[in-house]
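Here's what the structure looks like:
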């Protein structure tokens with residue numbers, strides 16, 4: 001509404017101020033002019049009375065003097081009464097437009113005559129006197145001037161009187177002029193105040209509009225600077241504030257985006273919690289952790305509710321105001337929870353939680369321990385055999401040359417086994433470190449595969465296993481490392497023969513096409529349990545823990561084969577069913593694909 005706006009308030013203030021000033025000025029002017037007119041009337045009547053008295057004293061003929069005086073009184077719109085002593089001798093008979101006529105008794109009753117004659121002084125008075133109009137007595141405001149008059153032996157008095165209506169008419173005209181002037185002044189003041197307030201508040205309204213736009217995030221709007229006064233300075237200050245606010249908001253948004261991207265790209269989960277225990281901020285790893293937690297606990301999926309295990313740790317952090325650490329096993333993974341208090345001055349205002357997935361570290365630590373245990377286990381047997389058989393030779397336990405030769409043969413085989421184990425360890429270490437060297441050259445995959453298969457015919461025959469080769473496809477020439485390719489096939493075929501019972505079958509399928517070569521090594525052996533399949537390509541992993549050492553290997557062959565295939569940008573996988581057989585498949589793509 002208008003009176004609630006700055007324009008209305010400023011306009012109303014100016015209007016009220018000017019109205020009060022004009023009202024006071026009007027009252028003072030009316031009083032002043034009323035007194036001024038009364039004084040003027042008093043002075044005029046006194047002057048007229050003195051003029052008439054002078055004429056009366058100058059004329060010798062009273063009748064002629066009275067006629068002259070009556071004409072003068074009529075011209076002044078006044079009435080005249082003359083007394084000689086206390087005796088009324090004459091009154092003017094001219095018509096008075098205000099019907100003023102004072103009987104001579106009035107002057108006697110009001111002691112005006114006695115004051116003029118006895119005290120010989122002029123009298124000026126006004127009041128409510130009874131007058132006669134058409135024979136009826138009425139009251140009217142009369143202004144009376146009486147002066148002493150010399151009339152021979154007796155002193156006389158001359159009274160000149162006039163109705164105050166004349167003065168009131170003059171005062172009324174003056175009042176109308178003053179009120180009209182005040183009304184015009186108020187109208188002009190209203191127009192001027194509204195124009196001035198509108199002009200003054202126009203920049204303020206523009207600032208209000210720009211402020212609302214800035215509150216909505218529109219920082220490009222500028223307040224126009226039209227003047228150099230305080231409002232212009234305010235507009236300049238507002239524009240500077242807008243620019244600084246825009247810069248600050250931009251900087252905050254950039255920092256917020258940067259922080260958001262940092263949190264999103266972090267591998268560790270980050271959760272911010274307020275003092276009440278409500279989750280404020282999470283990043284994707286933290287979301288996945290919370291979802292897994294609520295899924296396992298069977299609770300409602302919400303990211304605002306703090307998990308029970310974390311809530312206890314949160315209460316400890318808030319209570320003792322120190323960093324706390326705990327570990328949680330969840331969905332087969334191991335997490336480390338680190339809670340650090342956030343301070344608002346001297347008080348804890350919340351907690352930041354770091355959720356670190358320690359599963360791989362745990363697995364690596366386990367692999368390290370298993371590696372040491374497996375290497376120790378694999379080396380312990382041949383070293384023990386070397387030590388035992390060498391002591392037998394030293395102690396001359398082997399009496400004949402044939403026994404010594406047999407013991408030497410065992411020592412030689414165990415030393416070869418140790419050398420093979422060490423070489424495989426070195427190979428897999430170099431491969432996993434990314435230092436595998438491939439000497440690629442164009443080879444005929446079909447011929448190479450058939451050649452490798454022929455090497456195992458004798459071993460397969462001894463084991464009673466039927467070894468077959470199926471070679472299909474076109475474009476058999478590919479760029480591969482022939483030695484590494486042979487090493488992969490050797491490991492796979494040798495494992496297949498070793499784990500296939502007599503009467504079983506091992507099949508090598510080689511198929512080449514434009515995309516590359518796909519090789520399947522299929523056997524009809526005992527198979528691999530389902531729970532062991534994901535781990536068959538790990539170092540030293542052996543699915544059959546009860547196998548005798550004579551038929552088991554070092555546990556490194558499949559790990560080496562996987563690294564060689566991946567070194568050729570290929571993939572290898574295993575499929576198996578217990579008591580039905582196992583199939584190892586790898587694919588090596590062509591480099592020009």
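Residue numbers (UniProt numbering): 1 to 593. Each residue gets a CB set at the ideal place from its N, CA and C atoms; glycine is no exception.
Selected residue, minimal CA-CA separation from residue 417, among 261, 389, 382 and 460:
382
Contact set for residue 266: own chain, Cβ-Cβ below 8 Å, skip 5 residues either direction:
283 and 285
Measure the alpha-carbon distance for residue 447 versus residue 296 and round it to whole angstroms.
55 Å
Could you say which of 387, 150, 41 and 249 lies nearest to residue 214 if we only look at CA atoms?
249
Under 8 Å: do the segment 349-361 and the segment 268-279 share three or more Cβ pairs, one atom per stretch?
yes
Could you tell me the alpha carbon to alpha carbon distance between residue 128 and residue 165, rounded to whole angstroms?
12 Å
Among 495, 533 and 445, which has the Cα closest to the Cα of residue 589?
445
With residue 585 and residue 573 assumed to form a contact (beta carbons below 8 Å), what rounded beta-carbon distance in angstroms separates them?
5 Å
Under a three-way DSSP split, which group does residue 64 fall into?
helix
For residue 87, does the three-state DSSP call read helix, strand or coil?
strand
Count the other CB atoms within 10 Å of the CB of residue 368; is the residue buried (16 or more) or exposed (fewer)?
exposed
Just checking: is the beta-carbon of residue 142 within a distance shorter than 8 Å of some beta-carbon in chain D?
Absent here is chain D; the protein component of the structure consists of one chain.
Residues in its own chain within less than 8 Å of residue 513 by CB, not counting five upstream and five downstream?
473, 474 and 475
So the beta strand (DSSP E) residue 252 belongs to, where does it begin and stop?
Where residue 252 is concerned, there is no enclosing beta strand (DSSP E), although the alpha helix (DSSP H) it sits in stretches over 230-265.
Could you pull out every residue in the same chain whose Cβ sits closer than 6 Å to the Cβ of residue 558, ignoring the five residues on either side in sequence?
536 and 537
Based on DSSP bridge pairs, tell me the residues matched to residue 368.
The partner list for residue 368 (beta bridge, DSSP) is empty, contrary to what the question assumes.
Run through the DSSP bridge pairs and tell me what residue 582 is partnered with.
523 and 576
By Cβ distance below 6 Å, which residues in the same chain neighbour residue 334 in space, the five residues on each side in sequence not counted?
358, 359 and 362
Would you identify the three-state DSSP class for residue 347, choosing helix, strand or coil?
strand
Reduced DSSP category for residue 339 - H, G, I as helix; E, B as strand; rest coil:
strand
Ordered along the chain, which non-local residues of its own chain (more than five positions away) have a Cβ less than 8 Å from that of residue 385?
410, 411 and 414
Do residue 341 and residue 317 come within 8 Å of each other at the CB atom, strictly closer than that value?
yes
Can you grab the Cα-Cα spacing for the pair residue 312 / residue 354, in whole Å?
15 Å
Contact between the segment 223-230 and the segment 250-269: three or more CB pairs below 8 Å?
no
Since residue 123 and residue 112 should fall inside the 8 Å C-beta cutoff, what is the C-beta to C-beta distance between them, to a whole number of angstroms?
6 Å
Can you tell me where the alpha helix (DSSP H) with residue 498 in it begins and where it stops?
482-498
Should residue 591 be labelled buried (16 or more other beta-carbon atoms within 10 Å of its own) or exposed?
exposed
Which complete beta strand (DSSP E) runs does the segment 161-222 hold, if anything under 3 residues is left out?
none
Specify whether the segment 180-189 and the segment 41-61 touch according to this definition: at least 3 beta carbon pairs, one from each stretch, less than 8 Å apart.
no
Residue 466 (DSSP reduced to helix, strand or coil)
strand
Proximity winner among 331, 167 and 281, relative to residue 294 (alpha-carbon distances):
331
Proximity of residue 37 and residue 177 at Cβ, strictly below 8 Å
no
In whole angstroms, give me the CA-to-CA distance for residue 515 and residue 571.
13 Å
Hey, quick one: how far does the beta strand (DSSP E) through residue 475 stretch, first residue to last?
That residue, residue 475, is in no beta strand (DSSP E); it is neither H nor E in DSSP.
Residue 39, buried or exposed, once every other Cβ within 10 Å from all chains shown has been counted against 16
exposed
With distance defined between alpha-carbon atoms, name the residue in 269, 260 and 217 nearest to residue 247.
217
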